[in-house]
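J.: In our numbering, the protein residues as written are 31 to 280. After the structure tokens below, expect a handful of questions from me.
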Amino acid sequence: VSRSQPGGSLCRDLGSEGALNACSNELKVPYEEGRINMKKLRGIIFDLDGVICSTDEYHYLAWKALAECMAIPFDRERNNLLRGVSRMESLEIILARGTKVYTEEEKIAFAEKKNMIYRSLLAQMSTSDLAEDVRNTLDVLKTSGIKLAIGSSSKNAPFILDRIGLSTFFDAVADGNCILRSKPDPEVFLLAASLLKLDPPECIVVEDAHAGVEAAVNGGFRCAAMGDAIDDERATWHLKRFADLLQIVA
Numbered sequence: 031v032s033r034s035q036p037g038g039s040l041c042r043d044l045g046s047e048g049a050l051n052a053c054s055n056e057l058k059v060p061y062e063e064g065r066i067n068m069k070k071l072r073g074i075i076f077d078l079d080g081v082i083c084s085t086d087e088y089h090y091l092a093w094k095a096l097a098e099c100m101a102i103p104f105d106r107e108r109n110n111l112l113r114g115v116s117r118m119e120s121l122e123i124i125l126a127r128g129t130k131v132y133t134e135e136e137k138i139a140f141a142e143k144k145n146m147i148y149r150s151l152l153a154q155m156s157t158s159d160l161a162e163d164v165r166n167t168l169d170v171l172k173t174s175g176i177k178l179a180i181g182s183s184s185k186n187a188p189f190i191l192d193r194i195g196l197s198t199f200f201d202a203v204a205d206g207n208c209i210l211r212s213k214p215d216p217e218v219f220l221l222a223a224s225l226l227k228l229d230p231p232e233c234i235v236v237e238d239a240h241a242g243v244e245a246a247v248n249g250g251f252r253c254a255a256m257g258d259a260i261d262d263e264r265a266t267w268h269l270k271r272f273a274d275l276l277q278i279v280a
């Protein structure tokens, strides 16, 4: 884990006790400076897709199937533009490469078709899609007294959590069913913090998308970035793996 210099459904509150494993290697600043004062950290809010589990391939296959039906070019590079944004916004990005103009009713029908394809693929998911280091890290965090929440723009978050065996694990879940504005708007993270009964400075957000990092910063949260967003300079910490979270809160 490395630390940058400071700068610049159904939403549910389970009311459980809240919710740390391996350590890691290189730090851009001394290790002690990279840690959070545990008295100040009371909650962690996780993005779902790409952080807790990976559904990227399912999203890609579903959007590609829809695009092919509409004779619109779509590839993995284009798919990267959809990370962290809502279903309707993703559809607009895809339609921008087409030549036809569609009504709002037609767009809603397209989005629903994509979601039907996507959910049929999600049905293949199981507890085996939850990586061991993620499960172990979450378990340690859970026993530490830190409150844990999901902050995801996905309306399928409850279904995914159920498939991977985490439907009742988190203290709160804020998802696409509860919000009007998707990332980079901070609404979903602010809602998650509210459900935890915490203020943004008491929480950190874990994200793998640049739009998510931006949302966290916009909401007044410190952010730990990983995956595609690991080099995002707006994040406070840069995680090489999920378990590096334990190095931050140790």
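All residues carry an ideal CB built from backbone N, CA and C; glycine is no exception.
Checking the sheet assignment: what are the DSSP bridge partners for residue 76?
T.: Beta-bridge pairing links residue 76 to 180 and 236.
J.: Taking 8 Å as the cut-off, does the region 82–89 touch the region 178–196 (at least 3 CB pairs, one atom from each stretch)?
T.: Judged by Cβ distances under 8 Å, the region 178–196 makes contact with the region 82–89, as three or more pairs qualify.
J.: May I ask you to verify whether the region 166–173 touches the region 134–154, counting CB pairs closer than 8 Å and requiring at least 3?
T.: The region 166–173 vs the region 134–154: no contact.
J.: How big is the Cα-Cα spacing for residue 285 and residue 150?
T.: Since the displayed the chain opens at 31 and closes at 280, residue 285 lies outside it and no answer follows.
J.: So does the region 96–104 actually touch the region 215–231, counting three or more Cβ pairs closer than 8 Å?
T.: Not touching, per the Cβ criterion.
J.: Apply the 10 Å Cβ neighbour rule to residue 118 and answer buried if 16 or more other Cβ atoms are within range, or exposed otherwise.
T.: Looking at its Cβ environment, which holds fewer than 16 other Cβ atoms inside 10 Å, residue 118 is exposed.
J.: Closer than 8 Å by C-beta to residue 62: which residues in its own chain qualify, once you throw out the five before and the five after it? Chain order, please.
T.: Caution is warranted here: a pLDDT of 42 is assigned to residue 62, below 50, making its placement in the model unreliable, and no coordinate value can be reported.
J.: In this structure, what does DSSP give as the bridge partners for residue 252?
T.: Answer is 234.
J.: Since residue 338 is in the alpha helix (DSSP H), which residue starts that stretch and which ends it?
T.: No answer is possible for residue 338: the residues shown for the chain start at 31 and end at 280.
J.: Assuming the contact rule is C-beta atoms closer than 8 Å, residue 249 and residue 219 should be a hit. Round their C-beta distance to whole Å, please.
T.: Confirmed, about 5 Å.
J.: Taking only three categories from DSSP, how would you classify residue 81?
T.: Coil.
J.: Run through the region 87–157 for me and flag every whole alpha helix (DSSP H) of 4 or more residues, listed as ranges in chain order.
T.: The region 87–157 contains these whole alpha helix (DSSP H) runs: 106–109, 117–125 and 134–152.
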